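Take a look at the structure below.
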Amino acid sequence: MSQMVTNIINEDETGYILKEKLEARLHLIFRYPIKVEHINGRYRFVAPRKVAPGIRPYLRYPAFISDSEKCNIYVFDNTLNGVAHTFTNSEIFESYIANTQKPSGRIISICCQNSLQPLRITEQAWRKLMSEYDLDPSLFELALSFGDKPRSSDAGLGALSVHQKENGAFDMHYLITYAEDTIRGGISSWKIRQTCVFHRHDPSGSGSLWVLLHANAESPLQKRIEHIIATSPAALLGQWFSMHLLALSTYLGGWRWYIRSLGDEIEKTVDIALTLDFSKPRPDDHMQGLVHLLKQQYLGDRILPLASRLRSTLVTLRQLEKMNSLLHSDTSTDAAFQTVVDKLTYHITSLEGNLEGINVLERKIRAISDLLAVSLTVENQAVTIDINNKMLDLNQKLLRLTDESLKGNTTVKTVTLVTLIYLPASFVSTLLGMNLFDYSKTGSFEISPQFWIFVVIAVPLTAVTVGSWYWFSRRKERSKDLNRTPEIGA
-14 MSQMVTNIIN EDETGYILKE KLEARLHLIF RYPIKVEHIN GRYRFVAPRK VAPGIRPYLR
46 YPAFISDSEK CNIYVFDNTL NGVAHTFTNS EIFESYIANT QKPSGRIISI CCQNSLQPLR
106 ITEQAWRKLM SEYDLDPSLF ELALSFGDKP RSSDAGLGAL SVHQKENGAF DMHYLITYAE
166 DTIRGGISSW KIRQTCVFHR HDPSGSGSLW VLLHANAESP LQKRIEHIIA TSPAALLGQW
226 FSMHLLALST YLGGWRWYIR SLGDEIEKTV DIALTLDFSK PRPDDHMQGL VHLLKQQYLG
286 DRILPLASRL RSTLVTLRQL EKMNSLLHSD TSTDAAFQTV VDKLTYHITS LEGNLEGINV
346 LERKIRAISD LLAVSLTVEN QAVTIDINNK MLDLNQKLLR LTDESLKGNT TVKTVTLVTL
406 IYLPASFVST LLGMNLFDYS KTGSFEISPQ FWIFVVIAVP LTAVTVGSWY WFSRRKERSK
466 DLNRTPEIGA
């Protein structure tokens, strides 16, 4: 095996793919298992070579399924029979669009199993659809947005794009990013999802095509489409704008309630910030309050891409206004034209209001951030003061202990001084009190012949005592030096 190379790839380069799925992709590329580590938002693995930039897109979540037997493609043809079909096999779908006569209107809906799963159509079938209808390649790029959650880096993408073909038909496609409230167990949980809308409108009425890509199998838009088709297909396919207005009315209203939920969370954070006493830290509610205050950073990350998403949708709405004016004289009555104007004006006004609400929340989060900085400074000061008070108390105790030690040393010094004063007299008294000296009545002084015994015992004993003390003292000093040497080296 060739020399191994360490690869480090950021999460955003792989679309935040799961570590296990990235290992499976690398296994397919290098033909043997590769262990991946996830460290600080990066994937790290050792492979026979560097993963080139051209290969990295294939490490992402796939936009299309690979199994042709697991498709979910809904097709409705605006014919006399008006029968809807659901294809679970992509090869049968390819044969159907290739061999059946193109009706005056056709709706093709393709769903994901969920927002983190690929579109339930094979790449081959998708390319066949694009080839059969000569769709613009830019639609393929929008399809690649699926198979993963909407990313913040793509927040400004997906606005309405219009291309006029040689036969006078208009191709329009765009992404609608929306907020959906998924209530589970009585708990509200908001998710950001997306839907792709493609529309080919031929003013001559020879053929109209709708291609819709949904983030989940039972999306609200798909449910409404199936309901209208089951009751009155003409209401959906009779006018060029009907599907556009249906998609906009289905999804844009959720932004107001999502932004309100974010505002409620921010208000809770503000209430905690204003009521938490940082000057008197308490172990229980104090730490919980700090956690709530730090939550606003997470809220800020959620709010940050919203303005770009809504501005992209505003561009789509204004482009639809232009298309409404362009098609007014050819295909729309005055009443239909005014209906579109009124609906689009309503959505534009609502989104502009939502944008203003986002701006207010952004300013409030900045204010909370400033308040958090001040609060944490006060918290640090309170902790510092508390520590200083404890240190002062400790220093006072040490001073009292030092005073007591000094008093004890003074006492010992006094006793030692008294002992030194009386030590010579004690020595002389002890020495002269021995039986080694004889004081006769005549006044003569005689030393006993056995005095040498005292000298022989006392001198060596004194030498041994002094020598032992010196030896133990030196040994203790060497031990301290040895213990001190590793600490200096460290």
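Heads up, the sequence shown is in our numbering, so the first residue is -14 and it goes up one at a time. Ideal placement from N, C-alpha and C gives every residue a C-beta, glycine not left out. Keep in mind it's a predicted model, so treat the numbers as computed, not measured.
Under 8 Å from any heavy atom of the ligand COA, does the C-beta of residue 287 make it?
-> This structure lacks the ligand COA; in fact it carries no ligand of any kind.
Measure the beta-carbon distance from residue 95 to residue 77 and round it to whole angstroms, keeping in mind my assumption that it falls under 8 Å.
-> About 14 Å; that fails the 8 Å criterion.
Have a look at residue 326 and residue 339 and give me their C-alpha separation to the nearest angstrom.
-> Roughly 20 Å separates the two Cα atoms.
If you scan the region 168 to 217 from start to end, which runs of the alpha helix (DSSP H) of 4 or more residues do you find wholly inside it?
-> Runs of the alpha helix (DSSP H) inside the region 168 to 217: 205 to 216.
Taking DSSP as the reference, what is the three-state secondary structure of residue 100?
-> The three-state reading of DSSP puts residue 100 in coil, since its state is none of H, G, I, E or B.
In three-state DSSP terms, what is residue 147?
-> Collapsing the DSSP output to three states places residue 147 in a strand.
Taking three-plus beta-carbon pairs below 8 Å as touching, is the region 159 to 174 in contact with the region 129 to 146?
-> Cβ pair count under 8 Å is three or more, so yes.
How big is the Cα-Cα spacing for residue 357 and residue 351?
-> Annotation: residue 357 to residue 351 spans about 10 Å, alpha carbon to alpha carbon.
Compute the distance between the beta-carbons of residue 192 and residue 335, then report whether it is under 9 Å.
-> For residue 192 and residue 335, no; Cβs fall outside 9 Å.
Please name the residue in 252, 130, 177, 246 whose C-alpha comes closest to that of residue 198.
-> By alpha-carbon distance to residue 198, the top candidate from 252, 130, 177, 246 is 130.
Residue -11 in three-state terms, based on DSSP | It is coil, neither helix nor strand.
Between residue 35 and residue 28, what straight-line distance do the alpha-carbon atoms span, to the nearest angstrom?
-> Residue 28 has its alpha-carbon roughly 13 Å from the corresponding atom of residue 35.
Find out if the Cβ-Cβ distance for the pair residue 119, residue 153 is shorter than 9 Å.
-> For residue 119 and residue 153, no; Cβs fall outside 9 Å.
Rounded to whole angstroms, what's the CA-CA distance from residue 207 to residue 213? Just pull it up for me.
-> Rounded to whole angstroms, residue 207 to residue 213 spans 10 Å at the Cα level.
In the DSSP assignment, find the unbroken beta strand (DSSP E) run with residue 27 in it and report its ends.
-> 27 to 32 is the extent of the beta strand (DSSP E) around residue 27.
Between residue 179 and residue 225, what straight-line distance do the alpha-carbon atoms span, to the nearest angstrom?
-> Using only the alpha carbons, I get a separation of about 22 Å.
What three-state label does DSSP hand residue 473 in the structure shown?
-> Confidence at residue 473 is low in this model, with a pLDDT of 49, below 50, so its placement is unreliable and no value can be given for it.
CB of residue 244 within 9 Å of CB of residue 90, strictly = Judged by their CB atoms, residue 244 and residue 90 are not nearer to each other than the 9 Å cut-off.
Can you give me the start and stop residues for the beta strand (DSSP E) that residue 58 sits inside?
-> In the DSSP assignment, residue 58 falls within the beta strand (DSSP E) that extends over 58 to 62.
Cα separation between residue 319 and residue 64?
-> About 27 Å.
What is the DSSP secondary structure of residue 460, reduced to helix, strand or coil?
-> Three-state result, residue 460: helix.
Taking just the CA atoms, how far does residue 374 sit from residue 447?
-> Distance between the alpha carbons of residue 447 and residue 374: 54 Å.
Terminal residues of the continuous beta strand (DSSP E) containing residue 72?
-> Going by DSSP, residue 72 is part of the beta strand (DSSP E) stretching over 69 to 72.
Pick helix, strand or coil for residue 403, following the three-state DSSP scheme.
-> Residue state for residue 403 is assigned as helix, using DSSP reduced to three classes.
Distance, Cα to Cα, residue 236 vs residue 62?
-> A straight-line Cα-Cα distance of about 25 Å links residue 236 and residue 62.
What do you get for residue 473, buried or exposed, if any count of 16 or more other CB atoms within 10 angstroms of its CB means buried?
-> Unreliable positioning characterises residue 473 in this predicted model, as indicated by a pLDDT of 49, which lies under 50. A coordinate reading is not provided.
Please classify residue 72: is it buried, with 16 or more other beta-carbons within 10 angstroms of its beta-carbon, or exposed?
-> The residue in question, residue 72, is buried, as its Cβ has 16 or more Cβ neighbours within 10 Å.
List the endpoints of the continuous alpha helix (DSSP H) containing residue 77.
-> Its alpha helix (DSSP H) spans residues 75 to 84.
Helix, strand or coil at residue 105 [DSSP, three-state] = DSSP places residue 105 in strand when its eight states are reduced to three.
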